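Engineer: My questions will all concern the structure given below.
In our numbering, the protein residues as written are 311 to 504.
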C-alpha cells in the first residue's frame, strides 16, 4: 500500500478548494429557501358592503425569524383599476383614512389567536376616486422554532372615523404566508401569498 503525502502548499490549496466548494454549496442551498420566500402579490376576492372586489394583496414577513424576537408582518392591499372601493367624499389634508384588519396565525411558534393590524394615512383626493388603503403592519413574537401559517381575514376601511367599507374574504380566504421560525439569515425578504 502506497501513501501519498501532501506538501503544506498542496494541503493549503486543497483546503481552499474544499472550503470554496462548501461556501458555494451553502450559498446555493441556503438561497433556495430565501428565493422561495420572494413572491409577487396575488389577486384575492373580497366582498365589501355586498360588492365583490378583486384586490391585489400580499403578506410580507422576513425569510426566517428567531424565537423570542419580534417580527414585523406587513399586509399590503392594492385596489383594482376598475370596480374599486371609492372615497365616499372628498378627502382633504385634515381627513384621515384608516384600515384595520385581522390576521389569524396557526402553528406552535405563535399562539393561535387573531391579531389586529392597522394603519392610518392622510391622502388628498376627490370623492368617488379609488380609496387608498393604507399598508397595515403588526408585530408578533414567536415563542419557539417551527413554521407558523398567517392568513388575512376581514378588514375595514374608515374615512374620518366613519366606517364606509367592511370587507370579508371569499371562499378561498384571504392572503396567506408561512413564517419560518428558526435560525435567522439576517436578510429580510417578501414571503409568498396565495
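Every residue, glycine too, gets a C-beta built ideally from N, C-alpha and C. Keep in mind the model is a prediction, meaning the values are calculated, not measured.
Which of helix, strand or coil does DSSP assign to residue 414?
Structural biologist: In the structure shown, residue 414 sits in a strand (DSSP, three-state: E or B).
Engineer: Please report the straight-line C-alpha distance between residue 360 and residue 483, rounded to a whole angstrom.
Structural biologist: Going by the C-alpha atoms only, they are around 16 angstroms apart.
Engineer: For the pair the segment 435-442 and the segment 477-492, tell me if three or more CB-CB distances fall below 8 angstroms.
Structural biologist: Taking 8 angstroms as the limit for Cβ pairs, the verdict is that the segment 477-492 does not touch the segment 435-442.
Engineer: Could you tell me the distance, in whole angstroms, from the CA atom of residue 466 to the CA atom of residue 379?
Structural biologist: Cα-Cα distance, rounded: 29 angstroms.
Engineer: Measure the alpha-carbon distance for residue 472 versus residue 367 and round it to whole angstroms.
Structural biologist: In a straight line, the C-alpha of residue 472 is about 24 angstroms away from that of residue 367.
Engineer: Measure from the alpha carbon of residue 414 to the alpha carbon of each residue in 373, 450, 403 and 404, then state which is nearest.
Structural biologist: Taking only the C-alpha atoms, the option nearest residue 414 is 450.
Engineer: Leaving out the 5 sequence neighbours to the left and right, which residues in its chain are closer than 6 angstroms to residue 492 when beta-carbon positions are compared?
Structural biologist: Excluding sequence neighbours, residue 492 sits near 374 and 455.
Engineer: When burial is assigned at 16 or more other CB atoms within 10 Å of the CB, is residue 480 buried or exposed?
Structural biologist: Exposed, since its Cβ has fewer than 16 Cβ neighbours within 10 Å.
Engineer: Which of the three DSSP states is assigned to residue 447 in this structure?
Structural biologist: Reduced to three states, the DSSP call for residue 447 is strand.
Engineer: Mind checking who residue 479 pairs with in its DSSP beta bridge?
Structural biologist: DSSP, once it has assigned bridges, lists 356 as partnering residue 479.
Engineer: Quick one: what does DSSP say residue 361 is sitting in, helix, strand or coil?
Structural biologist: Residue 361: strand per DSSP, three-state reduction.
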